[in-house]
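Following: one structure in structure tokens, then a few remarks.
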Amino acid sequence: MKVHENLVETRQDGVAVLRIDRESALGALSRGMVEALGEYLARLRSDDEVRVLVLTGTGRGFIAGADINEYSGVGRTAFDDYQKLSRGVFDQLAALPQPTIAAVNGYALGGGFEVALCCDFIVASTAARFGLPEVSLGLLPGGGGTVRLARAVGARVTKELVLTGRRVKPDEAHRLGLLTALVEPDELVPRAVELATTIAGQAPLAVREGKRLVDDGLETGLAAALTREQQVLSWLYTTDDAREGVAAFLEKRSAVFRGH
Ligand code: CO8
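Sequential numbering from 0 applies to the sequence shown in numbering that gives the first Met the number 0.
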């Protein structure tokens with residue numbers, strides 16, 4: 000299904016794969032694409048059919064950043080409007096209740112790297128390249144690059160990448176702990192979908208709450224986060240899916256989870 004001229008969705012077994020289809024510009028994000036992504040994510044968050052989202056690109060580009068042609072020469076108000084729009088959409092992606100996987104096939108630069116950092120997992124092909132080249136334009140990241148990357152890999156590595164604009168190959172990204180898996184290009188989407196399908200087969204409430212606990216726990220003090228973890232577990236214990244999961248274990252069969 001076409002979500003936008005440059006965004007194509009396919010679905011199977013609770014997994015939605017959204018492909019950025021703009022190979023001629025290496026997946027660079029136009030304003031229309033960002034708006035359409037926002038509308039898509041708003042629909043997806045209440046779509047119980049989709050348990051996991053995979054985001055990928057086409058050819059040599061995952062997302063080579065914001066569309067530089069579209070934003071060069073615009074006034075400050077228009078530029079700030081664009082920043083506001085992308086902040087909202089990137090936050091929507093990071094806060095999506097369903098787990099998200101960036102399957103990075105090629106260039107993930109600037110806003111493209113930031114989109115990947117908003118996802119819960121990054122699976123990369125050997126052809127992927129990550130970077131925050133904004134400094135070479137006299138700019139800086141504006142979609143969370145300085146913030147989300149620092150939370151993922153620490154301040155020193157982030158400063159080096161932000162201040163040099165250096166491109167990172169996937170083996171280095173893997174060593175830095177950014178990747179869940181590094182695979183050959185042909186295996187990229189199948190590997191991401193395999194991960195997605197494994198997660199989609201778990202109890203839906205536990206998956207959603209597990210994602211939220213980890214994210215919220217990073218924003219909260221230790222004691223409050225530990226208390227919240229036990230509250231969530233206590234509630235999950237009362238759900239039909241937990242009863243089913245435990246019963247299935249004791250009866251040596253596969254659990255059938257229904258999401259309540
Ligand atoms: N925006 C628009 N078009 C792009 C972009 C982009 N970000 N990236 C690549 N393209 C286009 C090229 O213009 C080219 O188009 P055409 O064939 O019509 O000339 C096509 O994609 C292929 O690109 P190249 O010919 O350059 O391919 P190479 O293999 O030689 O190089 C690179 C690939 C290294 C990815 C190179 O294209 C590149 O450096 N791209 C720009 C990457 C970048 O700087 N991204 C960060 C953008 S900034 C950002 O995301 C946040 C700040 C937004 C503010 C913008 C203010 C102006």
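Idealized CB from N, CA, C, for every residue including glycine.
None of these values were measured; they are calculated from a predicted model.
Nearest to V231 by CA position, among R207, E4 and A126, is which residue? Within the sequence shown, the letter at position 232 stands for residue 231. When each option's Cα is compared against that of V231, the closest is R207.
Cβ-heavy atom distance, A65 to the ligand CO8, below 7 Å: Walking along the sequence shown from the start, residue 65 turns up at place 66. For A65, the Cβ falls inside the 7 Å cut-off from some heavy atom of the ligand CO8.
Could you tell me if H3 is buried or exposed, where buried requires 16 or more neighbouring beta carbons within 10 angstroms of its beta carbon? Walking along the sequence shown from the start, residue 3 turns up at place 4. With 16 or more Cβ atoms within 10 Å of its Cβ, H3 is classed as buried.
In whole angstroms, what is the alpha-carbon distance linking G37 and K251? Here the question's residue 37 lines up with position 38 in the sequence shown. Here the question's residue 251 lines up with position 252 in the sequence shown. Separation of G37 and K251 (C-alpha to C-alpha, rounded to the nearest whole angstrom) is 43 Å.
Is any heavy atom in the ligand CO8 found nearer than 7 Å to the beta carbon of P132? Within the sequence shown, numbered from 1, the residue matching residue 132 stands at position 133. Indeed, a heavy atom of the ligand CO8 lies less than 7 Å from the Cβ.
Alpha carbon of L92 to alpha carbon of A35, nearest angstrom: For the purposes of this step, residue 92 is taken as the residue at position 93 of the sequence shown. For the purposes of this step, residue 35 is taken as the residue at position 36 of the sequence shown. Straight-line Cα distance between these residues: approximately 13 Å.
From T99 to F112, what does the alpha carbon distance come to, in whole angstroms? The residue given as residue 99 occupies position 100 in the sequence shown. The residue given as residue 112 occupies position 113 in the sequence shown. Spanning the two alpha carbons is a distance of roughly 14 Å.
Can you tell me whether R59 is helix, strand or coil according to DSSP? On the sequence shown, position 60 is the one that residue 59 refers to. The answer is coil: DSSP assigns R59 none of H, G, I, E or B.
Looking only at DSSP bridge pairs, what is Y106 linked to? Position 107 of the sequence shown holds residue 106. According to DSSP, Y106 bridges with G60 and R128.
Cut-off 6 Å between Cβ atoms - residues of its own chain near L261, not counting five sequence neighbours on either side: Absent from the model: residue 261. The displayed extent of the chain is 0 to 259, so no value can be given.
Please report the distance separating the alpha-carbon of L139 from that of V255. To locate residue 139, count along the sequence shown from 1; it is residue 140. To locate residue 255, count along the sequence shown from 1; it is residue 256. Rounded to whole angstroms, L139 to V255 spans 48 Å at the Cα level.
Could you confirm whether any beta carbon from chain B is found closer than 8 Å to the beta carbon of A107? Judged by its chain identifiers, the structure shown contains no chain B, having just a single protein chain.
Going by the CB atoms, is the gap between E171 and T125 shorter than 8 Å? In the sequence shown, residue 125 corresponds to position 126, counting from 1. In the sequence shown, residue 171 corresponds to position 172, counting from 1. In this structure, E171 does not lie closer than 8 Å to T125 by Cβ.
Contact the stretch 184-201 vs the stretch 152-162: 3+ CB pairs below 8 Å: no
Grab me the residues of R257's own chain with a C-beta within less than 7 Å of its C-beta, minus the 5 sequence neighbours each way, in chain order. As a first step, residue 257 is located in the sequence shown; it is residue number 258 there, counting from the start. Hits under 7 Å: D239 and D240.
Report yes if the C-beta distance between I62 and V114 is below 8 Å; otherwise report no. By one-based count along the sequence shown, residue 62 stands at place 63. By one-based count along the sequence shown, residue 114 stands at place 115. Taking 8 Å as the Cβ cut-off, I62 and V114 qualify as a contacting pair.
For F120, the three-state DSSP class (helix, strand or coil): As a working mapping, residue 120 is identified with position 121 in the sequence shown. Three-state result, F120: strand.
Tell me whether the beta-carbon of L160 lies closer than 8 Å to the beta-carbon of G141. On the sequence shown, residue 160 is found 161 positions in, with the first residue counted as 1. On the sequence shown, residue 141 is found 142 positions in, with the first residue counted as 1. Contact: no.
What residues match up with R318 in a beta bridge as DSSP calls it? Given that the chain is displayed from residue 0 to residue 259, the structure contains no residue 318 and the question cannot be resolved.
Taking contact to mean at least 3 C-beta pairs separated by less than 8 Å, is the stretch 15-33 in contact with the stretch 54-68? yes
Counted within 10 angstroms of its Cβ, other Cβ atoms place I67 as buried (16 or more) or exposed: To locate residue 67, count along the sequence shown from 1; it is residue 68. By the neighbour-count rule (16 or more Cβ atoms within 10 Å), I67 is not buried but exposed.
Measure from the alpha carbon of K158 to the alpha carbon of each residue in P169, G105, L181 and E133, then state which is nearest. Taking the first residue of the sequence shown as position 1, residue 158 is located at position 159. The candidate whose alpha carbon is nearest that of K158 is E133.
Which same chain residues end up closer than 7 Å to R44 when comparing Cβ atoms and leaving out the 5 residues on each side of it in sequence? Within the sequence shown, the letter at position 45 stands for residue 44. Around R44: L95 and P96.
Mind checking G220: buried by the 16 CB within 10 Å criterion, or exposed? Here residue 220 corresponds to residue number 221 of the sequence shown, with the count starting at 1. Classification of G220: exposed, given that the 10 Å Cβ count is below 16.
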